[in-house]
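So for the sequence shown, the working numbering puts the first residue at 3; every next one is plus one. We put the beta carbon where it would ideally sit given N, CA and C, even for glycine. Below is one structure; the comments refer to it alone.
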Amino acid sequence: MRRTFKETKRRRWWNPFNSGKFDEDNYEKDKKTFLAKYNQKGFRDAKIVKDTMYRVESNRVNIDLVVSEGGRYYFRNINWVGNSKYSTKDLNNVFGVKKGDIYDQSQLDAKLFMNPNGNDISSLYMDDGYLFFNVTPVEIMVTNDSIDLEMRIYEGKQATINKVTIVGNTKTNDRVILREIRTKPGQLFRRSDIIRTQRELSQLGYFDPEKMNVVPTPNPATGTVDIEYTVEEKPSDQIELSGGYGGGRVVGTLGISFNNFSGKNFFKSEAWRPLPSGDGQRLSVRAQSNGLYFQSYNISFTEPWLGGKKPNSLSVTAYYSVQSNGQTRNAKSNGEKIVNPLRQSLDIFGVSVGLGKRLKKPDDYFTLYQELNYQYYTLNNFNSIFSFSKGYSNNIYYKVTVQRNSIDKPIFETRGSQLALTGQFTPPYSVFNNKDYTSPLMTDKQRYKFVEYQKYKFTAKFFTPITNKRGTEGKEARNLILRTSAGFGFLTSYDAKVGISPFERFYLGGSGLTGYALDGREIIALRGYDDQSLSERTGAAFITKYAMELRFPVTLNPQATIYVLGFAEAGNSWTKTNDFDPFNVKRSAGVGVRVFLPMFGLLGFDYGWRMDDVPSNLGMQKGQFHFTIGAAIGEL
Numbered sequence: 003m004r005r006t007f008k009e010t011k012r013r014r015w016w017n018p019f020n021s022g023k024f025d026e027d028n029y030e031k032d033k034k035t036f037l038a039k040y041n042q043k044g045f046r047d048a049k050i051v052k053d054t055m056y057r058v059e060s061n062r063v064n065i066d067l068v069v070s071e072g073g074r075y076y077f078r079n080i081n082w083v084g085n086s087k088y089s090t091k092d093l094n095n096v097f098g099v100k101k102g103d104i105y106d107q108s109q110l111d112a113k114l115f116m117n118p119n120g121n122d123i124s125s126l127y128m129d130d131g132y133l134f135f136n137v138t139p140v141e142i143m144v145t146n147d148s149i150d151l152e153m154r155i156y157e158g159k160q161a162t163i164n165k166v167t168i169v170g171n172t173k174t175n176d177r178v179i180l181r182e183i184r185t186k187p188g189q190l191f192r193r194s195d196i197i198r199t200q201r202e203l204s205q206l207g208y209f210d211p212e213k214m215n216v217v218p219t220p221n222p223a224t225g226t227v228d229i230e231y232t233v234e235e236k237p238s239d240q241i242e243l244s245g246g247y248g249g250g251r252v253v254g255t256l257g258i259s260f261n262n263f264s265g266k267n268f269f270k271s272e273a274w275r276p277l278p279s280g281d282g283q284r285l286s287v288r289a290q291s292n293g294l295y296f297q298s299y300n301i302s303f304t305e306p307w308l309g310g311k312k313p314n315s316l317s318v319t320a321y322y323s324v325q326s327n328g329q330t331r332n333a334k335s336n337g338e339k340i341v342n343p344l345r346q347s348l349d350i351f352g353v354s355v356g357l358g359k360r361l362k363k364p365d366d367y368f369t370l371y372q373e374l375n376y377q378y379y380t381l382n383n384f385n386s387i388f389s390f391s392k393g394y395s396n397n398i399y400y401k402v403t404v405q406r407n408s409i410d411k412p413i414f415e416t417r418g419s420q421l422a423l424t425g426q427f428t429p430p431y432s433v434f435n436n437k438d439y440t441s442p443l444m445t446d447k448q449r450y451k452f453v454e455y456q457k458y459k460f461t462a463k464f465f466t467p468i469t470n471k472r473g474t475e476g477k478e479a480r481n482l483i484l485r486t487s488a489g490f491g492f493l494t495s496y497d498a499k500v501g502i503s504p505f506e507r508f509y510l511g512g513s514g515l516t517g518y519a520l521d522g523r524e525i526i527a528l529r530g531y532d533d534q535s536l537s538e539r540t541g542a543a544f545i546t547k548y549a550m551e552l553r554f555p556v557t558l559n560p561q562a563t564i565y566v567l568g569f570a571e572a573g574n575s576w577t578k579t580n581d582f583d584p585f586n587v588k589r590s591a592g593v594g595v596r597v598f599l600p601m602f603g604l605l606g607f608d609y610g611w612r613m614d615d616v617p618s619n620l621g622m623q624k625g626q627f628h629f630t631i632g633a634a635i636g637e638l
């Protein structure tokens with residue numbers, strides 16, 4: 003019962019986060035939650051007979067409470083009156099309370115008015131336009147420990163939406179918001195459409211989800227309702243300025259992402275404040291370098307509503323990278339400029355075009371994304387990654403992803419799930435090129451002139467609230483959230499004679515931040531272990547990873563969102579099909595913190611403790627710190 007007092011707590015030396023300070027207003031609120039706990043257990047007559055506060059030291063007081071619990075009550079007969087839209091049987095099925103259940107006032111309210119999952123009587127009616135619906139539970143008989151209820155329903159008329167307005171957007175254009183809104187003028191009012199609209203607006207990342215509000219203004223005389231959405235802009239553009247260690251050298255990164263860009267206003271000088279914005283497009287420019295040894299440049303543009311009428315996205319990306327031994331491209335010989343014979347380098351040029359589409363079936367949380375990608379590799383005496391050192395290689399592939407995403411918010415997710423199935427395919431050259439891949443005359447330079455593979459990934463993430471506190475006016479709701487995830491990856495060939503591609507392999511271990519993604523490799527995090535220590539030097543063709551995190555927000559302020567977490571995760575990778583075993587994994591656990599700053603994105607600090615030894619690295623330390631940048635880095 004002491005735990006029901008949320009603000010009035012005993013001071014204890016082992017708890018540095020609790021000062022034990024007494025506040026009379028908080029104490030009065032805590033007494034109400036104290037009695038509410040009794041009500042949840044069926045003790046509806048429970049009351050505080052007497053509470054006494056007395057001083058025991060100059061700055062310490064004791065509080066004594068005398069409680070009368072009363073008897074425990076149970077539901078008996080439940081009757082519905084005034085219902086014509088739905089039968090009594092249908093209402094009982096949704097209500098879900100049966101004769102003999104403990105009388106719980108909070109459960110009664112949730113089943114009638116405010117079930118977080120939307121499975122309540124009010125949602126049933128309001129999702130069919132009955133905005134003026136009302137239900138009043140009346141206790142018509144109390145006998146011994148049993149209570150009979152009569153649910154008096156007023157259904158009213160179905161309401162249609164008259165007008166939809168937006169308030170508070172100072173940067174984002176109205177049309178960008180209106181295209182995400184599910185409540186359209188002339189449609190029947192549905193509460194589920196409002197809830198879904200709030201989710202879609204939160205996913206944009208332009209507004210503070212804690213400040214978002216919806217105000218329906220019903221007009222019973224006309225049977226209509228006006229809906230006003232209130233939003234508050236928050237910074238969404240990001241600057242990435244970071245350093246990492248990979249390949250024995252320090253790598254610096256500078257990037258900038260404009261997440262609410264306006265391409266059509268690019269040549270209008272008056273729209274630069276400081277950049278043309280408000281159309282919901284995304285422009286990203288990124289550069290990495292450690293001097294002459296490595297350089298990488300990337301530019302991408304995304305239009306989320308191609309044509310402006312349907313949520314079909316278009317993404318275009320171009321990138322170039324070069325890794326070398328530090329020698330310049332050209333040298334001088336006898337005063338003349340020549341190609342440097344000492345230079346060893348790998349140049350990669352790539353372009354991709356992607357199309358995304360929201361699906362309506364099985365439900366409208368599904369999306370389909372398709373991408374066509376071309377990468378051209380030029381090797382000049384470069385032999386640290388590939389089995390040949392001079393020549394070129396082409397990687398042409400088609401990528402398709404089917405995803406279902408019902409996560410409520412993009413930064414600190416509180417409920418929902420994300421499931422994704424991805425396939426990546428090159429043309430099956432070996433089927434029609436008539437090459438003998440078993441011939442001893444076949445060199446790797448010829449074998450990989452056009453890379454051939456097929457690759458599959460499945461990932462799943464679930465967010466489940468462990469507590470269900472509700473925010474009060476001016477105070478955010480902070481709940482404990484469980485995040486569970488699992489991921490599997492497979493890289494294989496069309497023809498066993500060709501062998502597994504040296505491109506697109508998986509590398510597991512560490513923070514997931516370190517390394518050059520030169521050959522399409524995926525660097526997957528597993529905290530508590532050294533970077534890429536759970537894969538062979540040439541990468542793995544099969545991988546699995548499982549993770550569980552308990553998260554608690556310190557602050558949900560959009561200017562600096564901070565949450566702490568405890569994690570347990572496991573994973574492993576394999577080169578050969580026969581070695582694949584999803585239950586043979588390396589485990590770790592630890593704690594961490596995440597800090598989201600609008601201009602820099604999500605920063606992560608973790609301490610991981612490994613539970614298993616790695617035969618190839620027996621001297622690896624047991625525990626280590628990890629630093630990450632970005633929400634999706636190192637994830638499978």
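What did DSSP end up calling residue i once you bin it into helix, strand or coil?
i: GLU202; result: helix
i: SER618; result: helix
i: VAL96; result: helix
i: LEU423; result: strand
i: ASN64; result: strand
i: ASN146; result: coil
i: PHE115; result: helix
i: LYS359; result: strand
i: LYS11; result: coil
i: THR416; result: coil
Just to confirm the assignment, what range does the alpha helix (DSSP H) spanning residue i have?
i: ASP228; result: Not the alpha helix (DSSP H): ASP228 falls in the beta strand (DSSP E), residues 226 to 232.
i: LEU110; result: 107 to 111
i: MET128; result: 123 to 128
i: LYS49; result: Segment 49 to 59 is the beta strand (DSSP E) holding LYS49; no alpha helix (DSSP H) there.
i: THR38; result: In the sequence under discussion, the amino acid at residue 38 is Ala, which differs from the Thr named in the question. Start and end: 26 to 42.
i: TYR431; result: 431 to 434
Have a look at residue i and residue j and give me their C-alpha separation to the nearest angstrom.
i: SER513; j: LYS101; result: 54 Å
i: PRO313; j: ASN261; result: 17 Å
i: ARG78; j: ASN470; result: 28 Å
i: ALA479; j: TYR399; result: 46 Å
i: GLY610; j: PHE368; result: 35 Å
i: THR445; j: TYR458; result: 27 Å
i: PHE508; j: ILE525; result: 6 Å
i: ARG62; j: PHE598; result: 39 Å
i: LYS624; j: THR630; result: 19 Å
i: THR428; j: ARG449; result: 14 Å
i: LYS8; j: ILE468; result: 17 Å
i: ARG14; j: ILE65; result: 15 Å
i: GLN1; j: LYS236; result: Nothing about residue 1 can be read from this structure; the chain reaches only from 3 to 638.
i: GLN626; j: TYR531; result: 8 Å
i: PRO617; j: SER535; result: 10 Å
i: ASN300; j: SER125; result: 47 Å
i: GLN189; j: LYS49; result: 48 Å
i: LEU114; j: GLY280; result: 41 Å
i: ILE241; j: ILE258; result: 4 Å
Are there 16 or more other CB atoms within 10 angstroms of the CB of residue i, so buried, or fewer, so exposed?
i: ILE142; result: exposed
i: VAL355; result: exposed
i: PRO222; result: exposed
i: ASN17; result: exposed
i: ARG177; result: exposed
i: ASP92; result: exposed
i: GLY653; result: Because residue 653 is not part of the residues shown, which for the chain are 3 to 638, the question remains open.
i: ILE155; result: buried
i: GLU26; result: exposed
i: TRP274; result: exposed
Can you name the start and end residues of the beta strand (DSSP E) that residue i belongs to?
i: TYR400; result: 393 to 407
i: ALA333; result: 332 to 335
i: ASN79; result: 76 to 83
i: MET214; result: Looking at the DSSP string, MET214 is not in any beta strand (DSSP E), and its letter there is neither H nor E.
i: PHE627; result: 625 to 631
Does any C-beta atom of chain D lie closer than 9 Å to the C-beta of residue i?
i: VAL556; result: Protein chains in the displayed structure number just one, and chain D is not present.
Q) Which ranges does the alpha helix (DSSP H) cover as unbroken runs of at least 4 residues, wholly within the region 154 to 199, from first to last along the chain? A) 176 to 180
Q | Start-end ranges of the beta strand (DSSP E) lying completely within the region 436 to 506, minimum 3 residues | A | 456 to 467 and 483 to 494
Q: Could you name each continuous beta strand (DSSP E) segment of 3 residues or more that falls completely within the region 560 to 619, going from the start of the chain to the end?
A: 563 to 576, 588 to 599 and 603 to 612
Q: Jot down the residue ranges of each uninterrupted beta strand (DSSP E) in the region 234 to 287, minimum 3 residues, whole runs only, in chain order.
A: 240 to 248 and 251 to 263
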